[in-house]
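Enquirer:
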């Protein structure tokens, strides 16, 4: 549960990508079973466009999770540097 | 695997503007609803000519949602670039636990009492007379202006008032600037050998 809370964006992104793939496959299956363009277009919208939308959402969530991690890594470095400077000042004052 | 987020010590700080993230989420929800409506309307139509406008509406909704995603990602990239620049420049003045807030105030830094400022000829910094870094040194007193004219800067530890700063000690940014992080990562004080 803790892992899910910590990695909610990656999990949601993976689910969205999987959902997008399923939507594309179902859309393709629906279109291939219809011979009339008028019957195929709803599949293009529900399967093709909605599938692409979900793939985009998933990719964005995954990329944003990576970017947030990189930002946090830099923020950690900043914390450690500031702490070392604090220690150095305190040590200097104690001499 | 990457760092966890909810239990991360820096999780309280957000790299992206909350309004942009919420805006993108709202746009995504609207786009999904529009795609659903477009599908429903296209399914109810019989002719291709009646369905094509709904196809265009769905494509437009996906395009707008994509722009929202792009805005979020660009903002995160910009936040990383800002953080990296701060680290490279060594500016940590905005840090909540930085030197600015934690460095002990020097005993002689009392409001309204002009301190005696001292330095030895070889010193690169001038100090309050009771500064530990000036203790035991052959120092002489002078005004802050005179010290500055001699090429000295204010001590980062006792933080005497600079000539332009008559209301109190200089900012802690000056204190931070006196500390150099060496290539090995160990903090060093500038002019350790010549104070």
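Protein chains in written order, with this note's numbering: chain L, 1049 to 1143; chain C, 22 to 216.
Glycine included, C-beta positions come from ideal geometry on N, C-alpha and C.
CB residue 147 of chain C to CB residue 173 of chain C, shorter than 8 angstroms?
Expert: yes
Enquirer: Might you give, ordered along the chain, the residues of its own chain that have their beta carbon closer than 6 angstroms to the beta carbon of residue 142 of chain C, omitting 5 neighbours on each side?
Expert: Nothing listed; no residue qualifies.
Enquirer: Please name the residue in L:1130, L:1111, L:1084 and L:1119 whose C-alpha comes closest to that of residue 92 of chain C.
Expert: Checking every option, the nearest Cα to that of residue 92 of chain C belongs to L:1111.
Enquirer: Compare the C-beta of residue 1093 of chain L with all C-beta atoms of chain C and state if any pair is closer than 8 angstroms.
Expert: Closer than 8 angstroms: yes.
Enquirer: Please confirm whether residue 83 of chain C and residue 52 of chain C have their CB atoms less than 8 angstroms apart.
Expert: yes
Enquirer: With residue 51 of chain C as the anchor, note down where its alpha helix (DSSP H) starts and where it stops.
Expert: Run containing residue 51 of chain C: 39 to 65, per the alpha helix (DSSP H) assignment.
Enquirer: Pull the bridge partners of residue 162 of chain C from the DSSP assignment, please.
Expert: Paired residue(s): C:139.
Enquirer: Which residues bound the beta strand (DSSP E) around residue 146 of chain C?
Expert: 146 to 149
Enquirer: By how many angstroms is the C-alpha of residue 50 of chain C removed from the C-alpha of residue 43 of chain C?
Expert: Approximately 11 angstroms between the Cα atoms of the pair.
Enquirer: Tell me which residue opens and which closes the alpha helix (DSSP H) that residue 178 of chain C is part of.
Expert: Neither: residue 178 of chain C is in no alpha helix (DSSP H) and is coded neither H nor E.
Enquirer: Could you tell me whether the Cβ atoms of residue 55 of chain C and residue 1097 of chain L are closer together than 8 angstroms?
Expert: Their beta carbons are not under 8 angstroms apart, which means residue 55 of chain C does not touch residue 1097 of chain L by this criterion.
Enquirer: Measuring CA to CA, which of L:1102, L:1095 and L:1053 is closest to residue 46 of chain C?
Expert: L:1102
Enquirer: For the stretch 64 to 81 of chain C, which residues have a CB atom closer than 8 angstroms to at least one CB atom of chain L, in sequence order?
Expert: 64, 66, 67, 68, 69, 72, 73, 75, 76, 79 and 80
Enquirer: Can you find the residues in the same chain that come closer than 7 angstroms, C-beta to C-beta, to residue 991 of chain L, ignoring five residues on each side of it along the sequence?
Expert: Coverage of chain L is limited to positions 1049 through 1143, which leaves residue 991 of chain L absent and any answer about it impossible.
Enquirer: When we look at the beta-carbon of residue 1085 of chain L and count the other beta-carbons within 10 Å, is it buried (16 or more) or exposed?
Expert: exposed
Enquirer: With residue 138 of chain C and residue 90 of chain C assumed to form a contact (beta carbons below 8 angstroms), what rounded beta-carbon distance in angstroms separates them?
Expert: With 8 angstroms as the limit, residue 138 of chain C and residue 90 of chain C do not qualify as a contact, their Cβ atoms being about 57 angstroms apart.
Enquirer: Buried or exposed for residue 75 of chain C, please, with buried defined as at least 16 other CB atoms from any protein chain shown within 10 angstroms of its CB.
Expert: Buried: at least 16 other Cβ atoms inside 10 Å.
Enquirer: To the nearest whole angstrom, what separates the beta carbons of residue 97 of chain C and residue 59 of chain C, a pair I think is in contact under 8 angstroms?
Expert: Not a contact, Cβ separation roughly 30 angstroms.
Enquirer: Find out if the Cβ-Cβ distance for the pair residue 217 of chain C, residue 171 of chain C is shorter than 8 angstroms.
Expert: The first residue shown for chain C is 22 and the last is 216, placing residue 217 of chain C beyond what the model contains.
Enquirer: Could you check if residue 144 of chain C is buried or exposed, using at least 16 other CB atoms within 10 Å of its CB as the buried criterion?
Expert: buried
Enquirer: Could you run through the stretch 1072 to 1084 of chain L and flag, in chain order, every residue whose CB is less than 7 angstroms away from some CB of chain C?
Expert: none
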